[in-house]
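Protein chains in written order, with the working numbering: chain A, 1 to 208; chain B, 209 to 603; chain C, 604 to 798.
Every residue, glycine too, gets a C-beta built ideally from N, C-alpha and C.
None of the values given here were measured: they were computed from a predicted structure.
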Ligand code: SF4
């Protein structure tokens, strides 16, 4: 058991012996990550935790990212209205056509034994994307998974209690998705104050 | 105190603890099933303070998000600022040749204020915990001392609670005149008061007896359930990000990392509520040590340099710098343990996604496992000893 | 709000007879405004510090109570989300009359820094509760909170026992431009048709 932290290529080499479908990728800022398929992810997680050379015993963070607009060019800012001209009502946003798989679950692992880190991503489809739950491997994953289920709408197979966690049980939609439409009423209350106007942002043109 | 050999039969009662409950430190709800006084199951219900801070981050430019990090964890807003700014600086510097250079004095100021804020956060934590256990006076001691820290902060950055002080690239302002003397005086007061505080409550045998062995967490559980910071160390895991993955100038200061060791005496166990409490008391004194070292080692403020403390990151055209496409995960040691920012950038002025990993959220995940078997009154001890802050859970 | 205070005690004669009693009761009330320890977010820390040794609200007779049934005053300190709003309203309903509400901080006033982009924050608690005093700030300083409490004491002094008894709580005034409940509840209004 060496105390020397492994680098990403070495880790990938260890993983790929047993899981040939796992590939090593790099973000544009050279952050390495392993891309794992959702099938059999539970086995991979067990392996990452139990293999003495890797020993990823703690899950630092499990974050979900909606990649729907990640590769689109940024929206053009709306020019400020000319003085005197009638205000232009904001155009309804065009529906986003994401390239599947468009949701990413990012597992950030850390090993207290070897003091090395790893980023593993599982990409799933927007509709009916399901990832095996890794609750049994890292206990903390249960809550992170509920959060992603609530805010991004990824299902986790085998989770013991997959419910909404942040928003109320009767909330609609998954707020952290890029195509999330903000509600105007909840529980009989208007979300904006009367007369409140916003030129931009999610409530633009929505004020009652 | 687990009640051994206790068979559960008969009717269970559902007890709703919260969302408004004085010991939940905010709006946390626990749905307990109890059999008499013994808790059979516990289901935390979160989200009563879900303010959608992560979504807000997607609408704002990078510097505009700093005030919201104050509100993610308001008891130690400086540390939250620090975590976010470090993450964005890492992102900015993640392509070669564009490293963010932070003035030396600003680096010292950052950890100076982070440690002062750690002191004031732990003071609230230990005081409020003692109050939950029925002793009101320690809370007043804690709050009273916290006022002194707030005074220093207020004179330097103008706010008592939500500072917005650490910027991407430095800090917002230099120390006010005479601050060194004030901070040193505070250090003395703090050490003196902590002796009194410890005599009052930490060494109090009733308090010890009340908490000895309550809700002990094993080291394996603590790692698996993602406990961080003092809660993790109380279970005997010797891991502190300030020492093991030093960021800022933490590598230039000396301090001890206390680890839990069944301080409550014969009935105590490693990782019980009393250990978690004592660890915070010790960390206060360690932070005082760091503050002193910062003041000694800090370069004197430059008399004429343009901007001795940094400020925002701007390019040659005085435009805010845009980070490159990519992502970072950056974590720092907050009073409540590791706080991590996973920032994804699509190369525009606004973050594509900000995920905030907080210590309190992960601490909640152990409740379902830890609380069953405890008495109802011990549930309060668990919440208090984990030092839960609700907006950190819900964000 | 027309029916507010329209039942008993609003005829001049009754008011006159009760003035001294009211003054006496109000003197007691204003010096013992027990507040509900209801801190939801950041402002709650300032609320705690205001109750602490330096600012010491005890000297105003303001003592925190953990249960709404013993409290006269609800200080809404912090953000109220949609999930929390109905619970906050429930707490308010559990308080005994006469009860008062102070909204502390921008969040409780109008949504604060979350009003523009948040999907889950209620924009102002006055949609659910009749607020008596608004204290701006993010967070308000303890001095501001004490100032607000002094303003509330003024209002308690003007309170007329019979004028408020039938005041219905105004719930969900979404279309109302401004909070109306607080002020009008205390002004005796003549019922229709009585000269
Ligand atoms: S007004 Fe500001 S300080 Fe108060 S709860 Fe809202 S965000 Fe926090």
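Should residue i and residue j be called a contact, given that it needs their Cβ atoms to be closer than 7 Å?
i: residue 166/A; j: residue 255/B; result: yes
i: residue 353/B; j: residue 401/B; result: yes
i: residue 345/B; j: residue 285/B; result: no
i: residue 560/B; j: residue 548/B; result: no
i: residue 709/C; j: residue 664/C; result: no
i: residue 45/A; j: residue 111/A; result: no
i: residue 603/B; j: residue 261/B; result: yes
i: residue 171/B; j: residue 553/B; result: The shown model of chain B, from 209 to 603, leaves out residue 171/B, and the question about it has no answer.
i: residue 645/C; j: residue 743/C; result: no
i: residue 302/B; j: residue 456/B; result: no
i: residue 468/B; j: residue 479/B; result: yes
i: residue 495/B; j: residue 388/B; result: no
i: residue 116/A; j: residue 5/A; result: yes
i: residue 488/B; j: residue 367/B; result: no
i: residue 416/B; j: residue 472/B; result: yes
i: residue 641/C; j: residue 259/B; result: no
i: residue 384/B; j: residue 364/B; result: yes
i: residue 203/A; j: residue 192/A; result: yes
i: residue 738/C; j: residue 707/C; result: yes
i: residue 221/A; j: residue 108/A; result: Missing from the structure shown is residue 221/A; chain A here goes from 1 to 208 and no further.
For residue i, count the other beta carbons within 10 Å of its own beta carbon; 16 or more makes it buried, fewer makes it exposed. Which is it?
i: residue 563/C; result: Coverage of chain C is limited to positions 604 through 798, which leaves residue 563/C absent and any answer about it impossible.
i: residue 65/A; result: buried
i: residue 770/C; result: Its pLDDT being 42, under 50, residue 770/C is placed unreliably in this model, and the value from its coordinates should be taken loosely. Result: buried.
i: residue 172/A; result: exposed
i: residue 793/C; result: Bear in mind that the predicted position of residue 793/C carries a pLDDT of just 32, short of 50, making it unreliable; the figure below should be weighed with that in mind. Under this definition residue 793/C is an exposed residue.
i: residue 630/C; result: exposed
i: residue 414/B; result: exposed
i: residue 505/B; result: exposed
i: residue 438/B; result: buried
i: residue 57/A; result: buried
i: residue 269/B; result: exposed
i: residue 768/C; result: Reliability of the predicted coordinates at residue 768/C is poor, the pLDDT of 39 falling under 50, and the value obtained from them is presented with this limitation in mind. Residue 768/C should be labelled exposed.
i: residue 306/B; result: exposed
i: residue 428/B; result: exposed
i: residue 314/B; result: buried
i: residue 677/C; result: buried
i: residue 662/C; result: exposed
i: residue 211/A; result: Since the first and last residues shown for chain A are 1 and 208, residue 211/A lies out of range.
i: residue 459/B; result: exposed
i: residue 395/B; result: buried
i: residue 650/C; result: buried
i: residue 507/B; result: exposed
i: residue 790/C; result: Here the model assigns residue 790/C a pLDDT of 32, short of 50, so the residue's position is not dependable, and the following value carries that caveat. Exposed is the call here.
i: residue 485/B; result: buried
Among all the DSSP beta bridges, which residues are the ones paired with residue i?
i: residue 33/A; result: 25/A
i: residue 678/C; result: 705/C
i: residue 61/A; result: 108/A
i: residue 562/B; result: 551/B
i: residue 223/B; result: 240/B
i: residue 253/B; result: 237/B
i: residue 535/B; result: 552/B
i: residue 121/A; result: 35/A and 106/A
i: residue 545/B; result: 542/B
What whole-angstrom Cβ distance do residue i and residue j have, given they're in contact under 8 Å?
i: residue 393/B; j: residue 476/B; result: In fact, because the Cβ distance is near 36 Å, the residues do not count as touching under 8 Å.
i: residue 308/B; j: residue 449/B; result: The pair is not a contact, with the Cβ atoms about 20 Å apart (cut-off 8 Å).
i: residue 724/C; j: residue 755/C; result: Incorrect: roughly 25 Å between the Cβ atoms, too far for contact.
i: residue 296/B; j: residue 531/B; result: 7 Å
i: residue 227/B; j: residue 236/B; result: 7 Å
i: residue 130/A; j: residue 38/A; result: 7 Å
i: residue 331/B; j: residue 599/B; result: Actually they are not in contact, since the Cβ atoms of residue 331/B and residue 599/B sit about 19 Å apart, beyond 8 Å.
i: residue 118/A; j: residue 59/A; result: About 10 Å; that fails the 8 Å criterion.
i: residue 596/B; j: residue 229/B; result: That pair is no contact at about 12 Å.
Touch test, the region 559-579 of chain B against the region 353-365 of chain B, Cβ-Cβ under 8 Å, three pairs minimum | No, the region 559-579 of chain B is not in contact with the region 353-365 of chain B.
Are the region 658-675 of chain C and the region 728-740 of chain C in contact at 8 Å, needing three or more beta carbon pairs?
-> By the Cβ criterion, the region 658-675 of chain C is not in contact with the region 728-740 of chain C, since fewer than three pairs of Cβ atoms, one from each stretch, lie closer than 8 Å.
Indicate whether the contact test is met: 3 or more Cβ pairs, each with one atom in the region 33-52 of chain A and one in the region 16-25 of chain A, closer than 8 Å.
-> As far as the Cβ criterion goes, the region 33-52 of chain A touches the region 16-25 of chain A, which means the pair count is three or higher.
Indicate whether the contact test is met: 3 or more Cβ pairs, each with one atom in the region 585-595 of chain B and one in the region 335-343 of chain B, closer than 8 Å.
-> In this structure the region 585-595 of chain B lies against the region 335-343 of chain B, because at least three pairs of beta carbons, one per stretch, are closer than 8 Å.
Do the region 102-109 of chain A and the region 120-135 of chain A meet, that is, are 3 or more Cβ pairs less than 8 Å apart?
-> Touching, yes.
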